[in-house]
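*Asks:*
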Amino acid sequence: MVPLAMVLLLAACGSDEPAPTPPQVVAPSSAPPAIAPTAALEPAAAVAAMSDADLAGQVLMPYAYGDGATTVDKLAAAGNQSIAGVDTPAEMVAKFHLGGLILVAFAPDDPTGATNPATNVDNPQQVRALTDGLQTAARQLPGGAPLLIGTDQEYGVVTRVRTGVTLLPAAMAFGAAGKPALTKAAWGAAGEELAAMGINLNFAPVADTLGPQGNAVIGSRAFGGDPATNAAQTRAAVQGLEGAGVTAALKHFPGHGHTTGDSHDDLPIVKQSADQWKKQDRPPFESGIDAGAGVVMSGHLDVESLDKGVAATFSHKIMTDVLRKDLGFKGVAITDAMNMAPAMKWPAGEAAVRALNAGNDMLLMPPDLTAARDGILAGLQDGSLKRARLTEAVTRILTLKKRQAAKPQPALTTLDSPAHHQAVSAADAASITLLRGACGGPLITGPVTVTASDGRETARATLVKALQEAGMTVQAAGGKIVHLVGYGDKTIDLSPDAAVTVIMDTPYLLTQAKSPALLATYSSSPLSLQALAAVIAGKAKAPGRSPVPVGKLPATAC
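Start counting the sequence shown at 478; every next residue gets the next number (my numbering).
As structure tokens, this is what we get:
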């Protein structure tokens, strides 16, 4: 087979260097005409020249251990051996002819942490070096197609790169702000920073609509509970990311908000009627698709009105009939992590074939990479996976990569910049919500003491500094108490003497608080806490409205 020189696609890898000129091969006179280099090929033609192994590799997006592409420590090497039989991420790319790779990070307070056993992000410089090394490995493959390098940079409780970047608030804060223009600007800043690090696919925004009962695993990751508001916010976030050259991935299709189950542990059941699904869960996905999202992620969800008893990831009715035919999505459909419990109902190879047959184009984080690849190849041989279905999937993947090819990569100096801070701070300021208390002037006067639930010391210290910068006197004890409550807290757990209770996640726990002033930031990011300090000090109003019902409290007291 003549190797393909996918020069057209190399720009998507984010290298600052020009793409190398492909070597000239002179064929003997008896040889058939040479295949045109990929610079002159459309994705369908490039796919037609691929081997079965190339095709199988393009639909795989595993995780890897190690913070470098070619050099890792012994523990990381052992981890890579366990899932792929190689030592390094670069060797994984080479062995499996991968189409993509996801960067992961384990954190115990992350609701998605169980499926992220590795940690290969530390700081932006390290991430950029890692992604550059991965793309170098990809260029050595037959065809040289760049990688889709993704991560879950949702912000809020699910944030992979936490240092050296401008941290957005959780999605629910944007829902509280209710200003799509601010959302677009903030997510545009986020996209520029991700692109500078070499990340070209972000598994965000969360397009789920929260039901009245809430959902612990989604929670503040969603914009809120109103479908129309969520649709506007989803559209804006997609426009921001895609406009900055990073592919947005809507999740978790067809909607994870109307179940209390956690698809990391079991198969949640969604009992909405078909009409309820259309009115509640469909609008944000439809809006995000219309806005140009390049990827939709399937959810491991049993949506009974759409295909009872079948997880959406493995449902042809949902991933093909609804997503493709009904909603008209033409981009890349990717599974949620295949190492989650509902996807591990079958061996990795069988699960891979089932997911592809349902209509998914990429398989995220297969638990056994070799078995997944071999299952795809076996499916081609025995007919359980039609070659036309696989080539359709890879054509979509290469079409997405071609779409990214002309987008230049920003410099790392764009990260954490004043311009990005300004864009995100505007959204934070608009999100702060007062559910009880006076709307004008300082919420408290005199010395202040900031307390926090266990594990919130970073947030507490950040707020102390912000209050001091706002002109308030803060002391270790004896002042009027401002108490912080965060993600994972089950009760308010504070003295009834607290003057102000602030919740930095979903606001539901505020129904327990007795404080005369109740505030929600939906996030513990530094810029959110700076905006909070301005409200407490009376230097700014709290214009936000809770995007979910909070007992008998109003959406805003203002």
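Ideal Cβ placement from N, Cα and C applies to all residues, glycine included. If you're wondering where the values come from, they're calculated on a predicted model, not measured in any experiment.
Excluding the 5 residues preceding and the 5 following P1003 in the sequence, name in chain order all residues of the same chain whose CB lies nearer than 6 Å to its CB.
*Replies:* The residue labelled residue 1003 in the question sits at position 526 within the sequence shown. Result list for P1003: T939, in chain order.
*Asks:* Can you list, in chain order, the residues of its chain with a C-beta nearer than 8 Å to that of A658? Leave out the 5 residues immediately preceding and following it.
*Replies:* For the purposes of this step, residue 658 is taken as residue 181 along the sequence shown, with counting starting at 1. Only A713 meet the Cβ criterion.
*Asks:* Write down the C-beta distance between L624 and V536 rounded to the nearest angstrom, noting that I regard them as a contact closer than 8 Å.
*Replies:* Sequence index remark: in the sequence shown, residue 624 carries index 147 (1-based). Sequence index remark: in the sequence shown, residue 536 carries index 59 (1-based). Not confirmed; about 13 Å, so no contact.
*Asks:* Output the boundary residues of the alpha helix (DSSP H) element that contains G577.
*Replies:* Reading the sequence shown from its first residue, position 100 is the one you call residue 577. Segment G577 to L580 is the beta strand (DSSP E) holding G577; no alpha helix (DSSP H) there.
*Asks:* Exposed or buried, which one is P924 when buried takes at least 16 other CB atoms within 10 Å?
*Replies:* If you number the sequence shown from 1, residue 924 lands on position 447. Burial call: exposed.
*Asks:* With a threshold of 6 Å on Cβ separation, who are the neighbours of E669 within its own chain once the five nearest residues in sequence on each side are excluded?
*Replies:* In the sequence shown, the residue the question calls residue 669 occupies position 192. Closer than 6 Å at Cβ, skipping near neighbours: A721, P887 and T891.
*Asks:* Count the other CB atoms, across all protein chains shown, that sit within 10 Å of the CB of D803; report buried if there are 16 or more and exposed otherwise.
*Replies:* In the sequence shown, the residue the question calls residue 803 occupies position 326. Under this definition D803 is an exposed residue.
*Asks:* Enumerated in chain order, which unbroken segments of the alpha helix (DSSP H) with a length of 4 residues or greater are wholly contained in the region 860-884?
*Replies:* Segments of the alpha helix (DSSP H) lying fully in the region 860-884: 864-882.
*Asks:* Return the residue from the list Q603, N679, G652 and L862 that minimises the CA-CA distance to G771.
*Replies:* Residue mapping note: residue 771 aligns to position 294 of the sequence shown, counting from 1. Looking at the Cα atoms, N679 is the closest of the given residues.
*Asks:* The beta strand (DSSP E) with H960 in it runs from where to where?
*Replies:* For the purposes of this step, residue 960 is identified with residue 483 of the sequence shown, where counting begins at 1. That run of the beta strand (DSSP E) goes K957 to V962.
*Asks:* List, from N- to C-terminal side, the alpha helix (DSSP H) runs of 4 residues or more that fit wholly inside the region 981-1016.
*Replies:* Within the region 981-1016, the complete alpha helix (DSSP H) runs of at least 4 residues are 1003-1013.
*Asks:* DSSP three-state label for D529, please.
*Replies:* On the sequence shown, position 52 is the one that residue 529 refers to. Three-state result, D529: helix.
*Asks:* With H, G and I counted as helix, E and B as strand and the rest as coil, what does DSSP make of K1029?
*Replies:* Residue mapping note: residue 1029 aligns to position 552 of the sequence shown, counting from 1. Coil.
*Asks:* What would DSSP say about T628, mapped onto helix, strand or coil?
*Replies:* Here residue 628 refers to the residue found at position 151 of the sequence shown. It is a strand residue.
*Asks:* Reducing DSSP to helix, strand and coil, say where F730 ends up.
*Replies:* Locating residue 730 in the sequence shown gives position 253, counting from the first residue. F730: strand per DSSP, three-state reduction.
*Asks:* Tell me, which residues are paired with N692 by DSSP?
*Replies:* In the sequence shown, counting from the first residue as 1, residue 692 sits at position 215. Paired residue(s): none; N692 is not in a bridge.
*Asks:* Taking the straight line between their C-alpha atoms, what separation do you get for P619 and L854?
*Replies:* Locating residue 619 in the sequence shown gives position 142, where the first residue counts as 1. Locating residue 854 in the sequence shown gives position 377, where the first residue counts as 1. When rounded, the distance between both Cα atoms is 18 Å.
*Asks:* In whole angstroms, give me the CA-to-CA distance for E631 and A648.
*Replies:* The residue you call residue 631 lines up with position 154 of the sequence shown. The residue you call residue 648 lines up with position 171 of the sequence shown. Roughly 8 Å between the two C-alpha positions.
*Asks:* With DSSP collapsed to three states, give me the class of L841.
*Replies:* Indexing the sequence shown from 1 puts residue 841 at position 364. L841 falls in the strand class under three-state DSSP.
*Asks:* Whose C-beta lies closer than 6 Å to the C-beta of S1005 among residues of the same chain, with five residues either side of it excluded?
*Replies:* In the sequence shown, the residue the question calls residue 1005 occupies position 528. Contacts found: P646, D905 and T998.
*Asks:* Given a threshold of 16 other Cβ atoms within 10 Å of its Cβ, counted over all protein chains shown, does V503 qualify as buried or as exposed?
*Replies:* For the purposes of this step, residue 503 is identified with residue 26 of the sequence shown, where counting begins at 1. Residue placement at V503 cannot be trusted, given a pLDDT of 30 that sits under 50; what the coordinates show is reported in the next sentence. Its Cβ having fewer than 16 others within 10 Å, V503 is exposed.
*Asks:* Could you spell out the range, first to last residue, of the alpha helix (DSSP H) harbouring S453?
*Replies:* Any question about residue 453 goes unanswered here, given that the chain covers just 478 to 1035.
*Asks:* Would you mind reading off the limits of the alpha helix (DSSP H) that contains V927?
*Replies:* Counting from 1 along the sequence shown, the entry for residue 927 is found at position 450. Careful: V927 lies outside any alpha helix (DSSP H), inside the beta strand (DSSP E) at V925 to A929.
*Asks:* Please name the residue in T711, G808 and D851 whose C-alpha comes closest to that of P761.
*Replies:* For the purposes of this step, residue 761 is taken as the residue at position 284 of the sequence shown. Out of T711, G808 and D851, T711 has the C-alpha closest to the C-alpha of P761.
*Asks:* Would M817 pass as a contact of T640 if the rule is Cβ separation under 7 Å?
*Replies:* Position 340 of the sequence shown, counted from the start, is the residue given in the question as residue 817. Position 163 of the sequence shown, counted from the start, is the residue given in the question as residue 640. Not closer than 7 Å, so no.
*Asks:* Let me know the secondary structure DSSP gives A725 once reduced to three states.
*Replies:* As a working note, residue 725 is residue 248 in the sequence shown. Reduced to three states, the DSSP call for A725 is strand.
*Asks:* Is the distance from the Cβ of L911 to the Cβ of A1019 below 7 Å?
*Replies:* The sequence position of residue 911 within the sequence shown is 434, counting from 1. The sequence position of residue 1019 within the sequence shown is 542, counting from 1. Closer than 7 Å, so yes.
*Asks:* Where does L912 sit, in a helix, a strand or coil, going by DSSP?
*Replies:* The count along the sequence shown starts at 1 and reaches residue 912 at position 435. Strand.
*Asks:* On the criterion of 16 or more Cβ atoms from any shown chain inside 10 Å, does P689 qualify as buried, or is it exposed?
*Replies:* If you number the sequence shown from 1, residue 689 lands on position 212. Per the 10 Å Cβ criterion, exposed.
*Asks:* Out of A936, D813 and A709, which one is the CA nearest neighbour of A789?
*Replies:* Reading the sequence shown from its first residue, position 312 is the one you call residue 789. The candidate whose alpha carbon is nearest that of A789 is D813.
*Asks:* Check the DSSP bridge columns for D966 and list the partner residues they point to.
*Replies:* The count along the sequence shown starts at 1 and reaches residue 966 at position 489. Answer is none; D966 lacks a bridge partner.
*Asks:* Using the Cα positions of S1001 and I766, report the straight-line distance between them to the nearest angstrom.
*Replies:* For the purposes of this step, residue 1001 is taken as residue 524 along the sequence shown, with counting starting at 1. For the purposes of this step, residue 766 is taken as residue 289 along the sequence shown, with counting starting at 1. C-alpha separation (whole angstroms): 30 Å.
*Asks:* Would you list the residues sitting across from T467 in a DSSP beta bridge?
*Replies:* Only positions 478 to 1035 of the chain appear in this structure, which leaves residue 467 out of reach.
*Asks:* The alpha helix (DSSP H) that contains S559, what's its start and end?
*Replies:* For the purposes of this step, residue 559 is taken as the residue at position 82 of the sequence shown. Per DSSP, S559 belongs to the alpha helix (DSSP H) from K551 to A561.
*Asks:* Going by the DSSP bridge assignment, what does V780 pair with across the sheet?
*Replies:* Within the sequence shown, numbered from 1, the residue matching residue 780 stands at position 303. Looking at the DSSP assignment, V780 forms a beta bridge with V747.
*Asks:* I need the boundaries of the beta strand (DSSP E) containing A810, first residue and last residue.
*Replies:* Residue mapping note: residue 810 aligns to position 333 of the sequence shown, counting from 1. That run of the beta strand (DSSP E) goes V809 to I811.
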